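Down below is the structure, laid out as structure tokens.
Number of protein chains: 2
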Amino acid sequence: MIIDCHGHYTTAPAALQKFREAQIAGFKAGSDLSMSAEFKIGDDEIRNSLENAQLKLQRARGTDLTIFSPRASAMAHHIGSETTSLRWSQACNDLIHRVVELYPDNFVGVCQLPQSPGAAPAHSAAELERCVRELGFIGCNLNPDPSGGHWTSPPLTDRHWYPLYEKMVELDVPAMVHVSSSCNPNFHATGAHYINADTTAFMQFLTGDLFVDFPTLRFIIPHGGGAVPYHWGRYRGLAQDLKRPPLADLLLKNVFFDTCVYHLPGIELLLKVIPADNILFGSEMVGAVRSIDPETGQYFDDTKRYLDALPLNEADRHKIFEANARRVFPRLDARLAKRQAQFAERNAQPARQGVNHES
Amino acid sequence: MIIDCHGHYTTAPAALQKFREAQIAGFKAGSDLSMSAEFKIGDDEIRNSLENAQLKLQRARGTDLTIFSPRASAMAHHIGSETTSLRWSQACNDLIHRVVELYPDNFVGVCQLPQSPGAAPAHSAAELERCVRELGFIGCNLNPDPSGGHWTSPPLTDRHWYPLYEKMVELDVPAMVHVSSSCNPNFHATGAHYINADTTAFMQFLTGDLFVDFPTLRFIIPHGGGAVPYHWGRYRGLAQDLKRPPLADLLLKNVFFDTCVYHLPGIELLLKVIPADNILFGSEMVGAVRSIDPETGQYFDDTKRYLDALPLNEADRHKIFEANARRVFPRLDARLAKRQAQFAERNAQPARQGVNHES
Numbered sequence: 458m459i460i461d462c463h464g465h466y467t468t469a470p471a472a473l474q475k476f477r478e479a480q481i482a483g484f485k486a487g488s489d490l491s492m493s494a495e496f497k498i499g500d501d502e503i504r505n506s507l508e509n510a511q512l513k514l515q516r517a518r519g520t521d522l523t524i525f526s527p528r529a530s531a532m533a534h535h536i537g538s539e540t541t542s543l544r545w546s547q548a549c550n551d552l553i554h555r556v557v558e559l560y561p562d563n564f565v566g567v568c569q570l571p572q573s574p575g576a577a578p579a580h581s582a583a584e585l586e587r588c589v590r591e592l593g594f595i596g597c598n599l600n601p602d603p604s605g606g607h608w609t610s611p612p613l614t615d616r617h618w619y620p621l622y623e624k625m626v627e628l629d630v631p632a633m634v635h636v637s638s639s640c641n642p643n644f645h646a647t648g649a650h651y652i653n654a655d656t657t658a659f660m661q662f663l664t665g666d667l668f669v670d671f672p673t674l675r676f677i678i679p680h681g682g683g684a685v686p687y688h689w690g691r692y693r694g695l696a697q698d699l700k701r702p703p704l705a706d707l708l709l710k711n712v713f714f715d716t717c718v719y720h721l722p723g724i725e726l727l728l729k730v731i732p733a734d735n736i737l738f739g740s741e742m743v744g745a746v747r748s749i750d751p752e753t754g755q756y757f758d759d760t761k762r763y764l765d766a767l768p769l770n771e772a773d774r775h776k777i778f779e780a781n782a783r784r785v786f787p788r789l790d791a792r793l794a795k796r797q798a799q800f801a802e803r804n805a806q807p808a809r810q811g812v813n814h815e816s
Numbered sequence: 458m459i460i461d462c463h464g465h466y467t468t469a470p471a472a473l474q475k476f477r478e479a480q481i482a483g484f485k486a487g488s489d490l491s492m493s494a495e496f497k498i499g500d501d502e503i504r505n506s507l508e509n510a511q512l513k514l515q516r517a518r519g520t521d522l523t524i525f526s527p528r529a530s531a532m533a534h535h536i537g538s539e540t541t542s543l544r545w546s547q548a549c550n551d552l553i554h555r556v557v558e559l560y561p562d563n564f565v566g567v568c569q570l571p572q573s574p575g576a577a578p579a580h581s582a583a584e585l586e587r588c589v590r591e592l593g594f595i596g597c598n599l600n601p602d603p604s605g606g607h608w609t610s611p612p613l614t615d616r617h618w619y620p621l622y623e624k625m626v627e628l629d630v631p632a633m634v635h636v637s638s639s640c641n642p643n644f645h646a647t648g649a650h651y652i653n654a655d656t657t658a659f660m661q662f663l664t665g666d667l668f669v670d671f672p673t674l675r676f677i678i679p680h681g682g683g684a685v686p687y688h689w690g691r692y693r694g695l696a697q698d699l700k701r702p703p704l705a706d707l708l709l710k711n712v713f714f715d716t717c718v719y720h721l722p723g724i725e726l727l728l729k730v731i732p733a734d735n736i737l738f739g740s741e742m743v744g745a746v747r748s749i750d751p752e753t754g755q756y757f758d759d760t761k762r763y764l765d766a767l768p769l770n771e772a773d774r775h776k777i778f779e780a781n782a783r784r785v786f787p788r789l790d791a792r793l794a795k796r797q798a799q800f801a802e803r804n805a806q807p808a809r810q811g812v813n814h815e816s
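In the order they appear, the protein sequences are chains A and B.
Letter by letter, the first sequence follows residues 458 to 816 in my numbering.
Letter by letter, the second sequence follows residues 458 to 816 in my numbering.
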């Protein structure tokens with residue numbers, strides 16, 4: 458089974474964006490809209506939005522299941538108030554839930570959190586709990602910079618974030634560290650802000666003692682870990698110079714990297730320096746880069762192709778494509794195990810009946 | 458000849474730091490100190506500070522000449538006023554000049570600019586001109602974020618920076634894009650802020666038209682280009698999706714990367730994806746990581762060792778270790794050519810005399 462740990466609903470029906478625009482206009486005028494019948498999205502619209510995009514690409518690339526979350530760049534936690542962010546998150550998460558209901562074999566949900574600059578992370582715990590317990594989601598995307606490029610929150614290792622981590626541990630769900638769009642003109646969102654946030658989060662984890670306090674807390678650092686694998690020697694050396702434990706002990710039980718790196722040499726480096734136990738297949742599709750690489754004639758974000766081109770033994774291949782995702786997302790593992798048991802039972806019943814007929 | 462394009466005077470005599478502390482205390486008390494006799498540094502102190510550090514490592518590693526600038530993390534442009542920054546830059550640059558005077562075969566100077574948050578980059582032009590014309594420096598370090606981690610300046614492609622670029626073009630000197638320490642607790646200086654700034658600057662160059670306006674302007678992005686080579690596919694794809702020209706046309710005549718990447722797989726990737734014409738040997742020594750890699754038994758920052766371990770043809774090797782530095786720093790080339798001519802002349806005279814003796 459091939460699980461893609463990093464997909465966003467970048468192709469959502471236009472009514473979602475219309476609601477967002479109305480919400481932002483409402484906020485400016487002093488009100489906070491909730492999603493309503495005015496912005497109704499039909500099941501067929503959802504199907505259409507996926508059939509020619511994520512589902513088509515799943516089939517073409519031979520992947521099975523995408524861990525699916527709202528469009529990351531649209532989270533835009535810096536817009537409006539905490540209420541704005543909550544209602545927007547609810548609308549986006551509810552839509553992901555509908556996707557999963559329509560295509561339970563193809564998608565499983567990860568939620569957007571209703572973060573807001575200055576708001577306590579504890580306030581995100583309720584929406585996380587709703588999504589996990591009521592909608593069957595298996596994780597969340599955590600924005601380390603709800604200000605959108607001004608980096609005004611404390612580092613992820615600060616106690617500021619602990620109430621949310623307590624809820625994550627209670628629910629046994631991981632977070633992907635994922636910023637949103639940037640309102641700082643220095644940072645292009647997908648070309649700088651995303652990658653910088655990945656690198657920044659890793660260095661915060663390296664210098665802090667977060668995993669002493671939360672030994673089972675788990676984070677995925679997307680986009681191949683930002684700059685980290687390329688500078689793995691620098692990080693090993695910094696840990697040593699700072700008298701920190703070796704990285705394997707310090708954070709590799711808690712921190713994982715996806716494979717959203719869009720060329721073969723990058724994936725090759727990732728596999729060379731990061732243990733296979735810490736790599737989860739991901740493609741970010743349909744996402745940051747949507748076109749075909751003229752050097753290969755293939756989509757830049759067809760990251761499975763790079764993995765397939767490299768000499769991976771079966772055990773590591775199984776970890777990267779399936780087992781690590783099931784380990785990092787235990788609720789996914791439980792769901793898949795249940796489905797596999799149901800499937801086995803369904804297959805077993807006619808066989809027993811057959812035996813009865815013949816006896 | 459082996460030219461290291463990235464060295465900082467991280468081992469400067471203690472009196473420099475004492476001056477800095479007095480200067481910061483003075484600023485808080487309402488005055489702006491200049492370097493004075495009170496903080497006198499003797500030639501022997503300079504020699505001692507280098508003999509057991511940079512010079513010893515040059516000899517041990519077989520490198521010849523280091524392009525040498527003040528300690529980057531100590532530039533701290535966010536501290537004090539524009540005058541504070543000017544006087545601190547002058548003190549640091551004057552000390553680099555003394556290093557070069559004492560060891561003209563081992564070091565050549567690159568200056569710190571007297572940047573300050575909100576100050577016009579034009580104000581840095583005078584110190585750049587002084588360093589180049591009076592002290593014989595060959596380039597500068599340009600901080601894209603004088604706020605120290607709050608990123609309050611416009612992007613490097615903004616006209617805000619143009620007066621400084623005009624001076625750089627007039628003097629025919631490049632800049633290394635190099636931030637300083639971070640006063641934002643999110644960003645560890647050498648583990649996050651440095652690397653993020655490198656990635657950020659590259660993406661700014663990718664999205665802007667700076668090199669249309671300044672076709673001869675040249676930047677070195679240090680630390681192996683931040684995350685850029687690891688994500689080279691992402692950047693090629695983003696350029697394509699954004700309808701920008703191919704990277705080779707857009708910026709590879711103007712943007713160069715050093716080799717400050719502290720493990721073999723990182724350097725291997727860099728050589729695979731970045732043209733040899735755009736790579737300058739650098740080690741950042743004595744710098745961000747000072748210890749020995751237990752996996753190799755060698756210093757993490759002995760980057761020449763990684764290059765030596767990889768299959769480089771002679772032409773590319775010559776580019777990376779010498780020719781590119783001479784091309785990117787034309788004033789270095791002129792200086793070396795002059796020295797080589799003098800050397801040749803000195804060697805030729807006794808030979809002619811010898812011939813005369815025999816005739």
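Where a beta carbon is used, it is the ideal one built from N, C-alpha and C, also for glycine.
None of the values given here were measured: they were computed from a predicted structure.
is_contact[residue i, chain A] using C-beta, thresh 7 Å
i        : result
B:THR657 : yes
B:TRP689 : yes
B:ASN643 : yes
B:LEU726 : yes
B:ALA649 : yes
B:PHE877 : Not covered by the structure: residue 877 of chain B. The range shown for chain B is 458 to 816.
B:TRP545 : no
Rounded straight-line distance, which links the Cα of residue j to that of residue i
i        : j        : result
A:HIS814 : A:ALA805 : Note that A:HIS814 scores a pLDDT of 44, beneath 50, so its modelled location is shaky; the value from the coordinates is reported in the next line. When rounded, the distance between both Cα atoms is 14 Å.
A:ARG555 : A:PRO612 : 34 Å
A:ARG792 : B:LEU707 : 49 Å
A:GLY690 : B:GLY483 : 40 Å
B:SER493 : B:LYS475 : 11 Å
A:ASP551 : A:SER488 : 21 Å
A:GLY566 : A:ALA766 : 29 Å
B:ARG410 : B:ALA548 : The first residue shown for chain B is 458 and the last is 816, placing residue 410 of chain B beyond what the model contains.
A:SER546 : A:SER491 : 10 Å
B:PRO686 : B:ILE678 : 11 Å
B:ASP413 : B:ASN509 : Not covered by the structure: residue 413 of chain B. The range shown for chain B is 458 to 816.
B:LEU726 : A:ARG675 : 29 Å
B:ASP773 : A:ASN770 : 34 Å
B:ALA472 : B:ILE481 : 14 Å
B:ILE460 : B:ILE524 : 7 Å
B:GLN797 : B:ARG747 : 34 Å
B:PHE564 : B:LEU522 : 5 Å
Under 7 Å from the C-beta of residue i: neighbouring residues of chain A
i        : result
B:GLN697 : SER748
B:HIS554 : Within 7 Å Cβ-Cβ: nothing; B:HIS554 doesn't reach chain A, min ~30 Å.
B:MET821 : Nothing about residue 821 of chain B can be read from this structure; chain B reaches only from 458 to 816.
B:PRO686 : TYR687
Any C-beta of chain B under 7 Å from that of residue i
i        : result
A:ASN653 : yes
A:THR664 : yes
A:HIS617 : no
A:TYR622 : no
A:LYS729 : yes
A:GLY683 : yes
A:THR468 : no
Per-residue contacts from residue i into chain B (C-beta, under 8 Å)
i        : result
A:PRO612 : PRO642, ASN643
Contact list for residue i against chain A, beta-carbon separation under 9 Å
i        : result
B:ARG693 : TYR719, HIS720, VAL746, ASP750, PRO751, GLU752, PHE757
B:GLY723 : PRO686, TYR687, HIS688, TRP689, GLY690, ARG691, LEU726, VAL730
Interface partners of residue i on chain B, CB under 9 Å
i        : result
A:MET817 : Limits of chain A in this structure are 458 at one end and 816 at the other, which puts residue 817 of chain A out of reach.
Check whether residue i and residue j have beta carbons under 7 Å apart
i        : j        : result
B:SER573 : B:SER542 : yes
A:HIS463 : A:CYS717 : yes
A:THR520 : A:VAL743 : no
B:ASP715 : B:LEU737 : yes
### Message
If contact is defined by three or more beta carbon pairs under 8 Å, each pair taking one atom from either stretch, is the segment 650 to 659 of chain A in contact with the segment 593 to 606 of chain A?
### Response
yes
### Query
Are the segment 662 to 681 of chain A and the segment 622 to 639 of chain B touching by the rule of at least three beta carbon pairs closer than 8 Å?
no
### Query
Just checking, does the segment 585 to 596 of chain A make contact with the segment 611 to 629 of chain A on the three C-beta pairs under 8 Å criterion?
yes
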